[in-house]
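Residue numbers (our numbering): 703 to 962.
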Ligand code: IPE
Ligand code: IPE
Ligand code: MG
């Protein structure tokens, strides 16, 4: 099986690069990938799903602990009905086909998004996938499905408003921390790095709350072609980023100390 052979031959040398604990990937460009090959868009989505399996293995082997991938946005329902139903079908197929490999790799599967509004069969795939994989130790694959950052923030606000209505908390208890604690998956750390293939310079409603200080890395490669080499390059570039969080870099604050 190619999957295993590859696993044995590839070495994951982390020298000179920094591997984020929590990584976000916007899996964009499937349609353009298919168009370039004169194929239907559905072929691009299929190739994209295959590539997700590769990304999971590479991230797991690099030591990423939380990989959040954008698979279907709250705005993607505006696409033609046929494309939406193909995407839903592919979603179910992906877990049927690859869950044994994800299990072998120790990858736990979780979902983030407005899962409760999905049709029952899809909700069941999500619930069963989460339940089946909950003890897998290596990495969490978090699939953002029917996900919108604005919808997530609205959801957290509604939950807090309910608590106020029930008299459990006071409006002054609504803080950045309590909002964070009421997002879909509060235990998942904010992504240190977000990768967007396909060249678009936008978040498209992905992890709006959680990405406040994420590093962004964009590549022109279309998602189905985004592989190990580019992932490695992203981690290499990430190692050189100076994350200041509004403060000063370590070097500048040392200089400040010397001057005073
Ligand atoms: C990403 O690829 C998949 C989804 C949004 C579901 P696209 O379908 O957006 O591909 P492009 O952007 O049209 O190339
Ligand atoms: C973002 O891609 C959503 C996913 C990859 C699932 P889109 O193709 O929907 O984003 P826009 O429309 O280019 O912003
Ligand atoms: Mg797109």
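Quick reminder that beta carbons are idealized off the backbone N, C-alpha and C, glycines included.
**Study point:** CB-CB length for residue 803 against residue 755, believed under 8 Å
**Key:** For the purposes of this step, residue 803 is taken as the residue at position 101 of the chain shown. For the purposes of this step, residue 755 is taken as the residue at position 53 of the chain shown. So it is a contact: roughly 7 Å between Cβ atoms.
Check your understanding: The alpha helix (DSSP H) spanning residue 882 covers which residue range?
Key -> Here residue 882 corresponds to residue number 180 of the chain shown, with the count starting at 1. Its alpha helix (DSSP H) spans residues 878 to 883.
Practice item. Assign residue 779 to buried or exposed, taking buried as 16 or more other Cβ atoms, counted over all protein chains shown, within 10 Å of its Cβ. Key: Locating residue 779 in the chain shown gives position 77, counting from the first residue. Exposed, because fewer than 16 other Cβ atoms sit within 10 Å of the Cβ of residue 779.
Point to revise | Host beta strand (DSSP E) of residue 778 (start-end) | key: Here residue 778 refers to the residue found at position 76 of the chain shown. Here residue 778 belongs to no beta strand (DSSP E), and DSSP marks it neither H nor E.
Point to revise | Through-space distance from residue 844 to residue 896, alpha-carbon basis | key: Sequence index remark: in the chain shown, residue 896 carries index 194 (1-based). Sequence index remark: in the chain shown, residue 844 carries index 142 (1-based). Each residue's alpha carbon lies about 14 Å from the other.
Practice item. Express the C-alpha separation of residue 925 and residue 748 in angstroms, rounding to a whole number. Key: Here residue 748 refers to the residue found at position 46 when the chain shown is read from its first residue. Here residue 925 refers to the residue found at position 223 when the chain shown is read from its first residue. Rounded to whole angstroms, residue 748 to residue 925 spans 11 Å at the Cα level.
Point to revise | Test item: CB-CB of residue 743 and residue 732 under 8 Å | key: Residue mapping note: residue 743 aligns to position 41 of the chain shown, counting from 1. Residue mapping note: residue 732 aligns to position 30 of the chain shown, counting from 1. Yes; because the gap between Cβ atoms is below 8 Å, this pair is in contact.
Review point. Do the stretch 891 to 908 and the stretch 771 to 788 touch if we need at least three Cβ pairs shorter than 8 Å?
Key: yes
Review point. Using 8 Å as the Cβ pair cut-off and three pairs as the minimum, do the stretch 831 to 842 and the stretch 864 to 878 touch?
Key: no
Practice item. With distances taken Cα to Cα, identify the nearest neighbour of residue 751 among 829, 764, 901, 791. Key: Locating residue 751 in the chain shown gives position 49, where the first residue counts as 1. Comparing Cα-Cα distances from residue 751 to each of 829, 764, 901, 791, the minimum goes to 791.
Point to revise | Nearest residue (CA-CA) to residue 719, options 879, 893, 940 | key: The residue you call residue 719 lines up with position 17 of the chain shown. Nearest option by C-alpha distance: 940.
Point to revise | the stretch 872 to 879 contacting the stretch 803 to 819, beta-carbon criterion three pairs below 8 Å | key: no
Exercise for review: Below 6 Å CB to CB, which residues in the same chain sit around residue 892 once its five sequence neighbours on both sides are set aside?
Suggested key: In the chain shown, counting from the first residue as 1, residue 892 sits at position 190. Answer for residue 892: 912, listed in chain order.
Point to revise | Under 8 Å between C-beta atoms of residue 910 and residue 948 | key: Against the chain shown, residue 910 aligns to sequence position 208. Against the chain shown, residue 948 aligns to sequence position 246. Not a contact, by the Cβ cut-off of 8 Å.
Review point. Under 8 Å between the Cβ atoms of residue 772 and residue 728?
Key: In the chain shown, the residue the question calls residue 772 occupies position 70. In the chain shown, the residue the question calls residue 728 occupies position 26. Yes, Cβ-Cβ distance for residue 772 and residue 728 is below 8 Å.
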